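Residue numbers (our numbering), protein chains in the order written: chain H, 2 to 240; chain R, 2 to 240; chain U, 2 to 240; chain L, 2 to 240; chain F, 2 to 240; chain S, 2 to 240. Below is one structure; the comments refer to it alone.
There are 6 protein chains.
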Amino acid sequence: MRPSRRAPDELRAVSLERGVVKYAEGSCMVKFGDTHVLVTATLEDRLPPWLKGQGRGWVTAEYGMLPRATLERTRREASAGKQNGRTVEIQRLIGRSLRATVDLQALGERQITVDCDVIQADGGTRTASITGAWVALADCIGWMKTRNMFKGTAPVLRDNVAAISCGIYNGTPVLDLDYAEDSEADTDANFVMTGDGRIIEVQGTAEKTPFSQDEFLALMELAKKGVARLVDLQKMAVA
Amino acid sequence: MRPSRRAPDELRAVSLERGVVKYAEGSCMVKFGDTHVLVTATLEDRLPPWLKGQGRGWVTAEYGMLPRATLERTRREASAGKQNGRTVEIQRLIGRSLRATVDLQALGERQITVDCDVIQADGGTRTASITGAWVALADCIGWMKTRNMFKGTAPVLRDNVAAISCGIYNGTPVLDLDYAEDSEADTDANFVMTGDGRIIEVQGTAEKTPFSQDEFLALMELAKKGVARLVDLQKMAVA
Amino acid sequence: MRPSRRAPDELRAVSLERGVVKYAEGSCMVKFGDTHVLVTATLEDRLPPWLKGQGRGWVTAEYGMLPRATLERTRREASAGKQNGRTVEIQRLIGRSLRATVDLQALGERQITVDCDVIQADGGTRTASITGAWVALADCIGWMKTRNMFKGTAPVLRDNVAAISCGIYNGTPVLDLDYAEDSEADTDANFVMTGDGRIIEVQGTAEKTPFSQDEFLALMELAKKGVARLVDLQKMAVA
Amino acid sequence: MRPSRRAPDELRAVSLERGVVKYAEGSCMVKFGDTHVLVTATLEDRLPPWLKGQGRGWVTAEYGMLPRATLERTRREASAGKQNGRTVEIQRLIGRSLRATVDLQALGERQITVDCDVIQADGGTRTASITGAWVALADCIGWMKTRNMFKGTAPVLRDNVAAISCGIYNGTPVLDLDYAEDSEADTDANFVMTGDGRIIEVQGTAEKTPFSQDEFLALMELAKKGVARLVDLQKMAVA
Amino acid sequence: MRPSRRAPDELRAVSLERGVVKYAEGSCMVKFGDTHVLVTATLEDRLPPWLKGQGRGWVTAEYGMLPRATLERTRREASAGKQNGRTVEIQRLIGRSLRATVDLQALGERQITVDCDVIQADGGTRTASITGAWVALADCIGWMKTRNMFKGTAPVLRDNVAAISCGIYNGTPVLDLDYAEDSEADTDANFVMTGDGRIIEVQGTAEKTPFSQDEFLALMELAKKGVARLVDLQKMAVA
Amino acid sequence: MRPSRRAPDELRAVSLERGVVKYAEGSCMVKFGDTHVLVTATLEDRLPPWLKGQGRGWVTAEYGMLPRATLERTRREASAGKQNGRTVEIQRLIGRSLRATVDLQALGERQITVDCDVIQADGGTRTASITGAWVALADCIGWMKTRNMFKGTAPVLRDNVAAISCGIYNGTPVLDLDYAEDSEADTDANFVMTGDGRIIEVQGTAEKTPFSQDEFLALMELAKKGVARLVDLQKMAVA
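This is the structure we're talking about:
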């Protein structure tokens with residue numbers, strides 16, 4: 002039985018609250034149970050140097066954790082003088098995930114930066130971040146539409162994107178690991194998927210015992226269900 | 002008339018919400034109008050090296066701003082690789098302010114780190130931080146009391162500490178500047194005071210036109226009123 | 002047809018040359034076609050601070066590229082003052098992959114650091130690194146055995162580990178992408194597997210078009226074949 | 002009685018020696034007793050990026066301490082890789098203080114950088130720095146006048162600026178604390194004032210015991226006297 | 002007798018292998034006995050900012066050591082976040098040595114960057130680097146000639162450059178110190194010379210006992226012989 | 002003729018003023034004409050980690066330039082976040098030069114740190130630094146003697162150390178280059194020698210035209226004369 006008494010294919014309570022920061026073009030407070038992430042989307046009229054003059058835009062992400070988001074305080078990265086490896090990995094993942102669903106040509110020569118800051122961490126911060134980031138991004142693109150900033154008629158945002166973790170806990174494949182499960186689970190996989198069920202990113206890791214292909218497929222089945230539910234929640238949120 | 006239509010000696014709507022982060026020994030979401038700061042207090046059984054073995058504890062603070070807390074996005078300090086001068090100044094001020102009211106001997110050989118993270122900035126982030134930090138600190142010390150962590154009977158927290166800004170806006174001394182006023186005001190002063198009306202820290206700055214002693218005293222009068230009101234709100238919050 | 006005229010399930014010419022650096026406890030020059038990586042394994046009698054006194058050892062990895070390993074010179078990370086995000090991601094992946102097959106208890110309180118330095122890069126540097134790193138690691142553990150450094154009889158190295166990339170190139174799933182393919186392929190996945198065919202790590206990414214579950218399974222089939230062949234080559238190398 | 006046997010309102014021996022570095026447009030060796038600071042003013046035809054094209058100039062300051070300016074050697078900031086918080090605070094204060102008295106419009110699109118390097122530190126390095134910096138700045142502006150670099154007739158330097166510290170030592174308010182007093186004093190305040198007695202910056206701090214408004218006013222009275230004397234000395238120096 | 006049983010004026014086995022990295026405009030694997038350095042020369046159409054628009058080119062060098070090039074693993078500079086003092090010294094020396102023999106006017110407004118990466122270190126890495134760097138540089142300039150990139154007829158590369166170390170080992174002046182000798186020798190000198198026997202750079206150091214002028218001259222005699230032999234080998238290599 | 006009208010073998014006016022910083026165990030303001038360097042020697046009861054418990058002490062040096070020591074302001078290294086290559090080279094040279102004349106065994110397990118800070122730079126800052134550093138070091142060792150800090154009778158400081166530059170200016174070998182000569186000279190050599198005329202360090206560099214052995218010997222002759230004169234001045238200074 003899971004520590005949280007959830008069924009194996011049961012998500013934690015998920016909420017997506019929009020408009021939580023008044024200055025941002027899009028923002029979302031996303032909660033997966035006790036994991037809380039504040040996401041903002043910022044539109045800027047500038048591009049990374051290597052992208053200038055190509056008629057395309059860019060979407061990028063940054064990720065951070067407040068020092069006491071965790072059980073024990075972690076050192077503030079700004080004071081340590083650099084982002085650690087885990088932070089870098091996660092923010093690159095969020096950026097790639099969002100870009101896979103945006104028509105960068107249609108976006109035009111602008112950059113949207115999505116900031117995901119973890120207020121409270123109870124496992125699954127990267128999947129919550131991606132799921133909330135899509136909402137903030139959608140609101141930012143909506144903000145631009147309202148101001149007639151797009152020339153063409155092609156949809157800038159082609160589909161939903163959401164993410165969920167799965168793992169094998171005490172021999173059973175379970176959905177949406179919280180910290181208590183995550184720290185025990187042998188196998189841990191994160192799936193980023195689109196609204197139509199296709200895969201954007203898969204990351205499966207076995208820190209201790211390697212897993213079989215069948216185990217991996219079981220996790221993928223769970224993930225599909227979870228993402229479908231998250232996409233429904235996103236649709237309700239932005240409706 | 003002030004942009005917010007407040008009276009010259011009127012604070013913004015202030016709220017102090019406790020217990021907002023489940024892991025922290027003390028926490029507080031403080032709001033001065035549209036300025037929102039999340040404060041956590043962390044107790045640790047370690048000390049800075051220069052303080053070891055002296056029978057005293059330490060209270061220190063760190064300050065940060067989420068990138069999109071501001072009208073325009075500011076660069077994430079963790080990615081820039083260092084804290085900027087303003088950040089360093091503010092976190093030193095918060096630390097000094099809190100230490101002035103804690104009996105470090107009575108605290109024992111432990112460190113409390115107060116993290117102030119600005120979620121939304123509309124002027125006065127340092128004064129809101131100090132005011133909220135006192136609440137988080139008080140809760141942390143309460144948490145320790147509950148666990149019988151203090152030997153003596155001397156109060157560890159000797160008094161309240163709160164802070165407010167004042168300035169001369171359009172020739173009139175006003176209390177608790179918001180961003181619209183702050184960016185226009187010629188003179189800007191921050192006062193950190195105790196519950197009994199004494200001064201812990203005063204910082205008055207004239208970026209353009211120097212000010213007279215009388216103007217400064219007028220600001221100090223306003224500040225006393227404001228701090229008294231904030232101390233009342235702190236007392237209600239922790240009651 | 003592939004630019005290299007290889008069959009879809011054909012690896013590049015792979016070689017694993019041992020003993021290439023005289024000081025290292027284990028070393029291997031691994032070549033996947035024009036991708037050349039020099040790997041060394043270093044044994045040290047020290048541990049990361051958080052692991053001390055637990056009776057277990059550690060295996061970690063660092064990765065780097067010589068500035069002119071690439072078509073255009075890339076900036077030397079030592080002179081830039083930090084490792085970039087891609088480097089950090091890859092070295093974490095190599096470390097996790099190796100640890101999954103080492104009995105850290107049996108290793109004892111020691112650390113093995115595996116350094117993977119890319120001399121020439123033509124795609125697949127992370128998979129070549131992992132495949133060669135296993136050989137250097139095996140030699141390092143052999144070096145320790147010769148000196149009777151292990152007490153128990155449990156095998157320290159439980160299985161082989163090798164890695165290969167796959168991708169969908171011009172609509173066809175292909176094995177072991179070189180740079181010409183990698184820069185064109187829409188979907189790109191790296192598989193790290195053991196000698197007995199189980200999965201240690203899977204990373205699948207769609208920078209542009211999301212992929213279906215069937216496409217992903219086709220890649221996994223190719224990967225199994227490729228890894229089996231690499232494991233054979235490892236066995237011949239260390240025989 | 003003060004350790005130096007000075008009267009409560011007595012400054013240390015102050016000297017302001019001009020022209021001490023042959024390359025600088027302005028320079029001054031300022032001594033407040035055993036506190037010695039070398040100040041240079043550098044004129045440059047460039048501006049911070051955010052100020053370009055606005056028809057205004059800029060005055061900024063940097064501060065440093067030679068490693069053995071102090072009783073015990075302090076680590077060289079260039080070798081530590083960053084300026085510490087105290088350094089950053091002080092150089093920002095010096096810059097603001099000087100800007101308050103310069104007509105940036107009249108200065109034109111140029112930057113003056115004032116470097117304050119402490120050769121020997123016996124308390125009051127920031128106030129000595131500001132007082133000497135004004136002399137170096139005045140000489141730099143004089144150098145520009147001689148070369149007809151200003152178009153208008155408005156005075157570029159509107160008034161003198163000098164600074165002094167005060168504190169409560171053994172219960173008595175005293176002027177111009179040296180290190181022996183500073184390390185004992187409970188309350189410590191720095192005042193930056195103009196030649197006509199107005200305030201540019203006030204910073205009062207109570208590290209241990211909060212102070213009353215009356216105590217603060219007593220310090221301000223002392224400071225006025227001290228600054229008036231310093232301004233006289235500046236006038237003699239540049240005459 | 003020398004640990005390696007070489008005669009006092011005998012070089013280690015030297016080899017210069019060209020074309021070892023397929024992307025580089027010039028490359029060389031240089032071996033002085035067990036000291037192995039991989040050198041690449043990169044041509045770029047850009048210049049350091051201070052050199053722009055002067056009709057001249059630039060040659061610069063960077064130096065690095067793989068972590069396990071040495072008996073004990075040294076920390077990776079990219080992960081330490083900076084190049085150490087020894088690295089900086091050596092790469093500046095290599096750059097100056099190469100520039101002394103290149104006609105920068107004839108090179109035109111381009112930069113050649115020479116990267117020297119030590120694969121295995123057994124003493125004399127800087128002299129091996131310079132000797133191999135000349136070969137890579139010569140190949141890079143040859144590559145440019147083949148593409149008719151030079152307008153004039155003046156030779157761009159005016160002469161050979163090679164370098165060798167000498168030292169006093171057990172009282173006898175010896176040529177080309179290996180690590181066993183270097184760590185024992187009292188006096189250690191590096192000579193960089195041209196093909197016609199003139200001096201580009203001399204560095205003689207006595208860490209313990211100062212040396213006489215006669216001792217220094219004896220080292221210089223040895224060095225001349227050694228460099229003459231190295232220049233012969235360079236000529237054979239590029240023939 | 003030299004720009005300064007000096008004879009080829011004529012030093013600039015040299016002065017060595019002791020006791021210029023009241024806290025330091027030894028200090029010296031050294032002037033070679035318009036090159037002014039402030040040197041302090043600091044005694045500390047600590048050692049670099051790699052030297053602990055070996056019964057020997059250490060002498061090390063740090064070097065810096067005030068930003069406006071030069072004709073144009075150079076960026077403050079503390080604010081740039083690192084010491085540049087030239088600084089690192091020079092401070093390593095000063096450290097080696099001083100260590101060559103100190104009996105580290107006799108010094109005992111302590112460290113002397115010599116700080117050389119250039120107040121004004123007109124060429125030859127490294128040679129002036131070494132020459133003045135010896136005086137500060139001698140005073141520091143004298144300070145220790147006075148306090149009976151040495152057990153044995155062996156002299157801790159075995160000989161004088163002084164340094165001078167030479168170069169070929171307009172075809173003539175000249176002594177003690179100032180900036181006007183240094184920026185024109187083709188060949189530039191620095192000699193560090195002991196009081197008895199032996200060599201500690203030689204560095205000869207030809208940025209443009211290589212030099213012959215005879216030219217180098219002519220420079221060495223000049224250097225001997227110059228160092229002899231500097232050693233006389235050191236002896237007078239510490240007498």
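Glycine included, every Cβ here is placed at the ideal spot set by N, Cα and C. Since we're looking at a predicted model, the values are computed, not measured.
Any idea which residues DSSP pairs residue i with across the strands?
i: Cys141/L; result: The partner list for Cys141/L (beta bridge, DSSP) is empty, contrary to what the question assumes.
i: Thr154/L; result: Paired residues: none, contrary to the question.
i: Val203/R; result: Phe192/R and Gly205/L
i: Tyr64/F; result: Cys117/F
Would you kindly work out how many angstroms separate the C-alpha atoms of residue i and residue j, rounded to a whole number?
i: Ala42/L; j: Leu17/S; result: 27 angstroms
i: Ala224/L; j: Arg93/L; result: 21 angstroms
i: Gly227/R; j: Gly205/R; result: 16 angstroms
i: Gly54/H; j: Thr147/H; result: 25 angstroms
i: Ala71/S; j: Pro156/H; result: Per the sequence shown, residue 71/S should be read as Thr rather than Ala. Between Thr71/S and Pro156/H, the C-alpha separation is close to 59 angstroms.
What first and last residue would you give for the beta strand (DSSP E) that runs through residue i?
i: Thr244/L; result: For residue 244/L there is no data in the structure shown, the boundaries of chain L being 2 and 240.
i: Thr114/L; result: Gln112 to Gln121
For the alpha helix (DSSP H) containing residue i, name the first residue and the last one.
i: Leu234/H; result: Gln214 to Val239
i: Ser166/L; result: No alpha helix (DSSP H) contains Ser166/L, which is instead part of the beta strand (DSSP E) from Val162 to Tyr170.
i: Ala190/H; result: Premise fails: Ala190/H lies in the beta strand (DSSP E), Thr188 to Thr195, not in any alpha helix (DSSP H).
i: Tyr24/R; result: Counting along the chain, Tyr24/R falls outside any alpha helix (DSSP H), and DSSP gives it neither H nor E.
i: Gln106/F; result: Leu105 to Leu108
i: Leu17/R; result: Taken as a continuous stretch (DSSP letters only), Leu17/R belongs to no alpha helix (DSSP H), being part of the beta strand (DSSP E) at Val15 to Arg19.
i: Leu12/L; result: Taken as a continuous stretch (DSSP letters only), Leu12/L belongs to no alpha helix (DSSP H), as it is neither H nor E.
Report, in whole angstroms, the separation of the C-beta atoms of residue i and residue j, which I expect to be a contact under 8 angstroms.
i: Thr188/H; j: Ala207/H; result: 5 angstroms
i: Val162/R; j: Ile201/R; result: 6 angstroms
i: Arg69/L; j: Ala25/S; result: 5 angstroms
i: Ala62/R; j: Gly96/R; result: 4 angstroms
i: Asp177/L; j: Ser184/L; result: The Cβ separation is near 15 angstroms, so there is no contact.
Measuring only between beta-carbons, confirm whether residue i sits less than 7 angstroms from chain F.
i: Gly205/S; result: yes
i: Ser80/S; result: no
Please decide whether residue i counts as near chain S, where near means a Cβ-Cβ distance under 7 angstroms.
i: Ala101/F; result: yes
i: Leu67/L; result: yes
i: Ile200/F; result: yes
i: Gln112/L; result: no
For residue i, decide whether its Cβ has a neighbour in chain H, counting only Cβ atoms nearer than 7 angstroms.
i: Arg77/R; result: yes
i: Val89/U; result: yes
Return no unless some Cβ of chain R is closer than 7 angstroms to the Cβ of residue i.
i: Gly20/L; result: no
If you measure from the beta carbon of residue i to each beta carbon in chain U, is any gap under 7 angstroms?
i: Glu63/H; result: no
i: Thr195/H; result: yes
i: Gly86/H; result: yes
At the 7 angstroms Cβ level, is residue i part of the contact set with chain C, yes or no?
i: Lys32/S; result: Here chain C cannot be found, since the structure's protein chains are H, R, U, L, F and S.
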